[in-house]
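J.:
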């Protein structure tokens with residue numbers, strides 16, 4: 005339902021960018037998983053504003069507190085409540101939002117839906133909402149680390165504006181992605197992207213891009229055959245992230261230009277396991293993992309908040325020009341990477357638990 | 005959960021291509037909606053095999069029976085059970101599936117998940133599973149027709165292999181789409197596509213494509229702000245369809261190459277309503293409908309079943325060459341159109357009911 | 005939701021007493037469970053009308069058909085659709101229901117809720133609706149038989165009107181319960197109950213009673229600590245049965261007259277297991293099974309349908325006297341026993357699967 | 005799921021008696037409902053320890069903070085996160101719980117389920133867990149106050165140990181219940197109950213009792229016909245409260261001793277509305293409200309924590325005698341009253357929203 009994600013491993017996020025804070029309740033986490041605040045903090049720091057020169061300068065330490073569900077360093081199986089206080093709130097910077105609808109933001113749609121909105125900083129539509137997701141994903145990571153050997157999720161920025169990386173997802177290494185502030189898979193190329201983003205910022209403009217994500221060592225058999233196909237749940241997870249506009253798995257939209265004879269992934273035996281010699285399926289067949297890398301891509305639009313003047317209307321229906329003053333990211337991609345990873349882990353851990361419930365032996 | 009879709013308006017589909025039949029239980033349909041079998045049959049006929057020369061020749065009338073939930077031509081608010089018998093079953097045509105995994109089908113993944121599979125005709129992974137979806141969508145259509153004036157869903161084939169239609173989705177008319185067997189938006193161009201598909205069939209091969217869908221006259225305010233964003237639920241719905249590999253809404257992947265100043269949709273007043281002068285948002289902002297057309301695209305891969313020989317392995321792990329004998333579609337796109345429409349209606353009717361529950365007045 | 009029960013092992017029932025039939029879709033059943041129609045039929049026959057002289061004479065064979073989800077005698081993990089056709093429909097016997105509200109039936113409330121109702125035979129409020137539950141419970145029984153050694157559910161009629169059995173639930177044996185048409189735990193006492201019921205029937209009246217249920221060899225650790233406590237789910241399951249008015253577990257309402265020092269169940273070790281020397285907890289502590297017998301009781305009111313004249317109103321608001329003509333049970337208790345067992349098994353199998361998903365080892 | 009209650013109006017509670025605190029996330033609350041912390045605090049104060057001489061002396065102010073979802077005194081439709089800090093924690097008082105299982109507590113079952121437990125003060129099995137429920141119920145109260153005229157829930161203590169009040173539930177007035185610390189419906193009789201409880205406390209013992217609850221002015225048509233019957237959801241809600249052992253609605257267990265002709269509620273017209281002249285149905289027929297008072301009763305066992313010595317075993321399996329030192333209620337009934345009311349409101353508000361989604365006009 006509205007603010008809940010997952011069936012067995014379930015997160016319920018809450019909070020706005022302006023108010024007491026943001027947080028998450030994780031319900032259904034298996035017991036006896038080692039967990040500390042610093043494990044969660046590591047992931048939150050990757051999502052944090054102000055982490056580099058190319059993201060929003062909003063000053064938030066995003067320090068998390070575990071309020072429940074952990075005892076003597078281990079999960080107890082009961083709900084894990086995690087809170088992050090808001091620190092750098094500047095409602096005055098958003099004062100004009102009270103009376104104007106920012107183009108391509110959720111101001112108007114929230115008003116249409118609820119007849120009321122917290123106009124300070126975007127409310128639930130703020131990227132701060134994703135703190136709860138990233139915290140939940142950090143816990144999912146620990147569960148998977150305990151039970152699924154070698155399981156790994158690596159997301160990276162594959163495209164910004166018109167610059168695309170051509171490295172194969174199979175070759176991307178987490179440490180190299182994390183070694184540069186763009187989260188570009190080839191660190192040596194990062195300066196070019198940084199320059200692009202900084203130029204855009206100077207113009208008071210913004211750019212979008214594509215995050216690619218590869219999930220390695222997924223056991224075969226995860227997913228469901230009809231509505232909760234693994235790719236359907238991954239698509240929903242990714243399309244629920246702020247600013248995402250597209251999702252594709254395996255061959256995706258490009259696969260349309262192949263014939264079946266070129267597209268099918270032949271099966272072979274390798275080390276006693278059924279494998280495929282190509283991976284246009286993207287690791288999923290009929291909604292269920294086949295043990296190959298799951299590879300998907302997510303398109304993010306350019307940030308809606310720009311400082312150039314824009315045409316819009318007031319809540320009273322008058323035409324006005326808006327110039328945004330709030331702090332914002334000229335490009336959300338570097339910070340989207342840990343969000344994509346978190347959502348991917350939440351999908352996989354949930355399906356892994358579901359499959360465990362179903363196993364016939 | 006596995007075979008259930010929707011929260012308030014919910015369908016539970018069942019059945020395999022070989023067995024007693026396929027069907028759906030629709031739970032949560034509002035009462036007092038006029039409904040007959042012929043209303044449902046109209047939509048099923050658009051999905052039916054054998055409907056034209058370019059789809060699978062499997063001979064199924066797909067005649068539906070309403071078993072419950074309708075009294076004197078009106079829904080009663082109780083579960084509507086709909087069944088379609090399987091008629092043209094040829095398990096022998098699938099005999100080799102018992103021992104071989106068809107490339108890019110779900111044979112291997114079902115085996116990995118369940119340790120057993122109904123190898124006759126693909127089981128739940130068969131396109132016959134979508135009969136229940138289309139029947140459910142036909143009921144959703146009647147509900148929306150009663151409560152949401154002028155509401156309309158029009159899907160059409162926008163691309164097959166390397167041929168793309170350049171008509172604007174806003175200009176596409178249902179009757180023209182239905183006037184040709186390809187479900188191409190410009191009927192005069194259909195022969196070129198038919199020729200393409202027939203050539204592919206002769207080669208024992210298959211092609212994929214893109215279905216575009218436009219939803220008109222959606223009330224502003226439908227959707228949820230975080231996980232159940234309208235685009236997230238639409239993405240899950242579409243990615244749960246057999247053979248789909250990608251989803252994008254509004255500007256989608258192409259929007260990545262625009263700057264924020266080019267991408268944002270300016271607001272204006274029009275006839276007392278808040279409107280946008282462009283629609284790169286695709287009718288959804290912050291997960292919630294803004295009243296503009298919802299426009300999305302779904303990529304379908306080339307059909308996995310081809311009659312050319314393919315490399316694969318047996319369930320015993322031996323390498324073999326497979327030549328499929330089952331009847332199949334050289335291109336799923338024409339039949340995917342009513343499936344996309346059905347899923348779109350199921351998403352919208354559910355969110356419409358959710359919004360009704362929430363309304364503050 | 006409305007017609008669905010269970011989280012992981014889930015049933016969706018459909019159908020009315022008059023119409024195409026009744027049925028159930030079982031979703032989430034583990035694969036590779038041996039299953040045939042005759043296994044299900046055995047349980048349906050225990051619920052069937054016309055099974056003895058003291059139940060309704062409606063003539064229904066209640067023959068079930070498995071339409072999907074089973075292949076070569078084994079479940080496949082996909083939805084199991086089961087249908088039972090209605091055979092003995094006499095809408096004319098209900099003709100006055102079209103315009104009158106039967107006292108203590110659901111005629112008026114359905115009208116208030118839906119603005120329409122299938123007045124032939126009670127619609128969804130008919131006891132025929134429970135066919136789907138009993139079929140689902142029969143499948144749950146097979147799953148539990150495979151995975152939980154010695155697991156057993158025995159329900160029996162403990163009270164009818166003012167006659168109560170004083171046998172301890174621990175001593176009740178399934179075969180003795182089934183050996184008499186009352187399903188009384190001591191067969192030798194059954195004639196007295198049969199006489200009571202037959203006298204009531206002659207008076208055109210009805211009686212209620214209490215079903216007691218004991219669940220043996222439940223593994224410790226099933227249930228959830230807060231909302232989905234095992235007793236909460238059992239209570240909901242039982243209170244969802246037609247005509248039930250009360251539920252109690254362990255000491256129940258009578259436990260109120262004990263002090264804590266008398267009520268607490270002391271722990272001891274027995275054969276290396278933690279056991280209790282008394283069982284006022286009824287096998288559940290803090291919502292979770294402790295390995296002792298789960299013992300609960302369900303009160304069923306006297307059947308609402310009686311042939312004596314009764315005061316009521318028409319749908320137009322006029323006062324009238326009603327004399328029911330439909331066939332009915334003078335006492336629902338004997339047929340309630342398999343319903344209680346089915347619901348108990350559905351609750352346990354679901355929690356067993358949930359616990360399996362959560363297990364920390 | 006485990007810590008979540010409700011479908012459309014949903015609460016997710018978290019927290020243990022020892023740790024950072026306890027709280028709730030309320031998801032799905034309609035927007036534009038006036039809400040302040042003091043509204044919630046009023047209900048929490050009725051549940052609070054230390055409120056009178058006959059409840060536990062644990063010193064907790066239970067001061068609540070609203071962290072999100074409210075803007076300028078109105079709900080915004082987004083999740084409402086509420087937190088209460090733990091203040092009076094004395095883990096040392098529970099030190100022996102680390103190694104012993106308290107009889108009729110959840111220590112052993114939590115260990116069996118999770119393989120770990122927060123032994124300080126009972127963890128999630130502590131009555132502190134109900135703070136989240138009462139806070140959620142306080143919000144439900146405001147929603148119902150806005151939309152359902154004259155709606156009222158009044159719960160009261162109807163029995164303690166062997167003393168029972170014979171006042172008709174219809175005659176019970178909220179202000180009189182709240183005027184005495186027992187929450188007895190006739191204040192003049194309260195001293196006798198206070199004396200009983202104080203004597204029991206002096207003996208180091210405890211007593212249980214029955215809470216009766218009456219819900220007035222429920223619109224006809226709330227509830228669902230099969231699994232989510234109103235009485236089923238109320239039963240689950242009440243049986244999920246700590247220490248509850250039984251639930252009955254309307255005539256309940258006593259109704260078993262009536263014949264159908266005595267039990268049925270005749271319909272009459274009154275002021276243009278369909279009414280019943282008696283209310284043995286308890287306001288619900290076929291799972292759906294009929295507009296009469298909903299009347300149900302909940303049995304609570306004597307508090308498990310007593311200071312008399314008790315036989316038990318250690319986690320190592322050794323027999324020991326336990327003397328509890330933690331502070332506790334000699335009788336939970338007075339504090340159970342606001343919990344019962346909260347759960348009743350949560351059930352009704354959820355069904356009210358569900359019905360709103362379904363309405364045919």
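Residue numbers (the numbering used here), protein chains in the order written: chain A, 5 to 365; chain B, 5 to 365; chain C, 5 to 365; chain D, 5 to 365. Using N, Cα and C, we set each Cβ at its ideal position, and we do this for glycine too.
#1: To the nearest angstrom, how far is it from the Cα of residue 264(A) to the Cα of residue 332(B)?
#2: So which residues of chain B does residue 118(C) contact, with C-beta pairs closer than 7 Å?
#3: Which of helix, strand or coil does DSSP assign to residue 292(A)?
#4: Put residue 45(B) into one of helix, strand or coil per three-state DSSP.
#5: I'd like to check one pair, residue 196(B) with residue 171(B): are the Cβ atoms closer than 8 Å?
#6: Flag this pair as yes or no: are the beta carbons of residue 245(D) and residue 303(D) separated by less than 8 Å?
#7: Measure the Cβ-Cβ separation of residue 272(A) and residue 281(A) and say whether it is below 8 Å.
#8: Could you name the residues of the same chain whose beta carbon sits closer than 6 Å to that of residue 237(C), not counting the 5 residues immediately before and after it, in chain order?
#9: Which first and last residues belong to the alpha helix (DSSP H) in which residue 204(C) is found?
#10: Select from 226(C), 342(C), 266(C) the residue whose C-alpha is nearest the C-alpha of residue 296(C).
#11: Based on DSSP bridge pairs, tell me the residues matched to residue 273(D).
#12: With distances taken from CA atoms, which of 80(C), 310(C), 298(C), 198(C) is nearest residue 327(C)?
#13: Would you grab the beta carbon distance between residue 261(D) and residue 165(C) for me? Rounded to a whole angstrom, and I think it's under 8 Å.
#14: In this structure, how does DSSP classify residue 13(D) when only helix, strand and coil are distinguished?
#15: So the beta strand (DSSP E) residue 29(D) belongs to, where does it begin and stop?
#16: Residues of the stretch 228 to 240 of chain D with a CB closer than 9 Å to any CB of chain B: list them in chain order, please.
#17: Considering only the beta carbon of each residue, do residue 98(C) and residue 317(C) sit closer than 8 Å?
#18: Kindly confirm or deny that the stretch 11 to 22 of chain A and the stretch 124 to 132 of chain A touch, where touching means at least three C-beta pairs closer than 8 Å.
#19: Would you mind working out which of 276(C), 220(C), 15(C) sits nearest residue 175(C), comparing C-alpha positions?
#20: For a quick check, are the C-beta atoms of residue 301(C) and residue 157(C) less than 8 Å apart?
#21: Just mark residue 275(B) as buried or exposed, buried being the case when its beta carbon has 16 or more other beta carbons within 10 Å.
#22: Throw me the rounded Cβ distance for the residue 254(C) and residue 299(C) pair, which I believe falls under 8 Å.
#23: Give, in chain order, every residue of the stretch 85 to 101 of chain C whose Cβ lies closer than 8 Å to some Cβ of chain B.
#24: Tell me where the alpha helix (DSSP H) around residue 134(B) begins and ends.
#25: Give, in chain order, every unbroken run of the beta strand (DSSP E) that is at least 3 residues long and sits entirely within the stretch 210 to 242 of chain A.
#26: In chain order, what residues of the same chain have a beta carbon less than 7 Å from the beta carbon of residue 145(C), not counting five sequence neighbours either side?
#27: Using a Cβ-Cβ distance under 8 Å, would residue 72(A) count as near chain D?
#28: Per DSSP, which residues does residue 266(C) bridge with? Please list them.
#29: Can you tell me which residues form a DSSP beta bridge with residue 159(D)?
#30: Is the shortest distance between the beta-carbon of residue 356(D) and the beta-carbons of chain A less than 8 Å?
#31: Quick one: what's got a C-beta closer than 7 Å to residue 267(B)'s C-beta in the same chain, skipping five residues either side?
#32: Measuring only between beta-carbons, confirm whether residue 283(C) sits less than 8 Å from chain B.
#33: Can you give me the C-alpha to C-alpha distance between residue 122(A) and residue 29(C), rounded to a whole angstrom?
#34: So residue 349(B) is in the beta strand (DSSP E); what residue range does that whole segment cover?
#35: Counting only C-beta atoms, is residue 17(A) closer than 8 Å to chain B at any point?
#36: Looking at the structure shown, is residue 3(A) part of a helix, part of a strand, or coil, going by DSSP?
T.: To lay it out plainly:
#1: Taking the first chain and counting its residues from 1, one reaches residue 264(A) at position 260. Taking the second chain and counting its residues from 1, one reaches residue 332(B) at position 328. Going by C-alpha positions, residue 264(A) is about 12 Å away from residue 332(B).
#2: Residue mapping note: residue 118(C) aligns to position 114 of the third chain, counting from 1. Within chain B, the residues near residue 118(C) are 35, 80, 81.
#3: Position 288 of the first chain, counting from 1, holds the residue named residue 292(A). Correct three-state label for residue 292(A): strand.
#4: Counting from 1 along the second chain, the entry for residue 45(B) is found at position 41. Residue 45(B) falls in the helix class under three-state DSSP.
#5: By one-based count along the second chain, residue 171(B) stands at place 167. By one-based count along the second chain, residue 196(B) stands at place 192. Not closer than 8 Å, so no.
#6: Taking the fourth chain and counting its residues from 1, the one referred to as residue 245(D) is at position 241. Taking the fourth chain and counting its residues from 1, the one referred to as residue 303(D) is at position 299. In this structure, residue 245(D) lies away from residue 303(D), with their beta-carbon atoms at least 8 Å apart.
#7: Here the question's residue 272(A) lines up with position 268 in the first chain. Here the question's residue 281(A) lines up with position 277 in the first chain. The criterion of a C-beta distance shorter than 8 Å is satisfied by residue 272(A) and residue 281(A).
#8: In the third chain, counting from the first residue as 1, residue 237(C) sits at position 233. The answer, listed in chain order, is 351.
#9: In the third chain, residue 204(C) corresponds to position 200, counting from 1. Run containing residue 204(C): 194 to 206, per the alpha helix (DSSP H) assignment.
#10: Counted from its first residue, the third chain places residue 296(C) at position 292. Closest by alpha carbon: 226(C).
#11: Here residue 273(D) refers to the residue found at position 269 of the fourth chain. In the DSSP output, where bridge partners are listed per residue, residue 273(D) has 278(D).
#12: Translated into the one-based positions of the third chain, residue 327(C) becomes position 323. Out of 80(C), 310(C), 298(C), 198(C), 310(C) has the C-alpha closest to the C-alpha of residue 327(C).
#13: Sequence index remark: in the fourth chain, residue 261(D) carries index 257 (1-based). Sequence index remark: in the third chain, residue 165(C) carries index 161 (1-based). Contact between residue 261(D) and residue 165(C) holds, since their C-beta atoms are separated by about 6 Å, short of 8 Å.
#14: As a working note, residue 13(D) is residue 9 in the fourth chain. Reduced to three states, the DSSP call for residue 13(D) is coil.
#15: To locate residue 29(D), count along the fourth chain from 1; it is residue 25. Taken as a continuous stretch (DSSP letters only), the beta strand (DSSP E) holding residue 29(D) covers 25 to 31.
#16: If the cut-off is 9 Å between Cβ atoms, the stretch 228 to 240 of chain D has 229, 230 near chain B.
#17: Stepping through the third chain from its first residue, residue 98(C) is reached at position 94. Stepping through the third chain from its first residue, residue 317(C) is reached at position 313. No, the pair does not count as a contact, with Cβ atoms beyond the cut-off.
#18: With a cut-off of 8 Å, the stretch 124 to 132 of chain A and the stretch 11 to 22 of chain A count as touching, because enough Cβ pairs lie within range.
#19: Taking the third chain and counting its residues from 1, one reaches residue 175(C) at position 171. Closest by C-alpha distance to residue 175(C), out of 276(C), 220(C), 15(C), is 220(C).
#20: Position 297 of the third chain, counted from the first residue, corresponds to residue 301(C). Position 153 of the third chain, counted from the first residue, corresponds to residue 157(C). Taking the C-beta atoms as reference points, residue 157(C) is found no nearer than 8 Å to residue 301(C).
#21: Within the second chain, numbered from 1, the residue matching residue 275(B) stands at position 271. Per the 10 Å Cβ criterion, exposed.
#22: Here residue 254(C) refers to the residue found at position 250 of the third chain. Here residue 299(C) refers to the residue found at position 295 of the third chain. Contact between residue 254(C) and residue 299(C) holds, since their C-beta atoms are separated by about 6 Å, short of 8 Å.
#23: Result list: 85, 87.
#24: Stepping through the second chain from its first residue, residue 134(B) is reached at position 130. 134 to 151 is the span of the alpha helix (DSSP H), which, as asked, contains residue 134(B).
#25: If we require 3 residues or more, the beta strand (DSSP E) runs fully inside the stretch 210 to 242 of chain A come out as 213 to 220.
#26: Within the third chain, numbered from 1, the residue matching residue 145(C) stands at position 141. Contacts found: 349.
#27: Against the first chain, residue 72(A) aligns to sequence position 68. Proximity of residue 72(A) to chain D, defined by a Cβ-Cβ separation below 8 Å, is satisfied.
#28: As a position in the third chain, residue 266(C) is number 262, starting the count at 1. Residue 266(C) pairs with nothing; no bridge assigned.
#29: Within the fourth chain, residue 159(D) is the residue found at index 155, counting from 1. According to DSSP, which records beta bridges pairwise, residue 159(D) is partnered with 217(D).
#30: Position 352 of the fourth chain, counted from the start, is the residue given in the question as residue 356(D). Taking a beta-carbon distance threshold of 8 Å, residue 356(D) does not count as an interface residue toward chain A.
#31: The residue labelled residue 267(B) in the question sits at position 263 within the second chain. The answer, listed in chain order, is 255, 259, 284.
#32: Here residue 283(C) corresponds to residue number 279 of the third chain, with the count starting at 1. No, because no Cβ of chain B sits closer than 8 Å to the Cβ of residue 283(C).
#33: Indexing the first chain from 1 puts residue 122(A) at position 118. Indexing the third chain from 1 puts residue 29(C) at position 25. Looking at the backbone, the Cα of residue 122(A) and that of residue 29(C) are separated by about 44 Å.
#34: Counting from one through the second chain, the residue named residue 349(B) turns up at place 345. Element bounds for residue 349(B): not the beta strand (DSSP E) but the alpha helix (DSSP H), 337 to 362.
#35: Here residue 17(A) is taken as the residue at index 13 of the first chain, counted from 1. Taking Cβ atoms only, chain B reaches closer than 8 Å to residue 17(A), which makes this a yes.
#36: Because chain A is modelled from 5 through 365, residue 3(A) falls outside the range shown and cannot be assessed.
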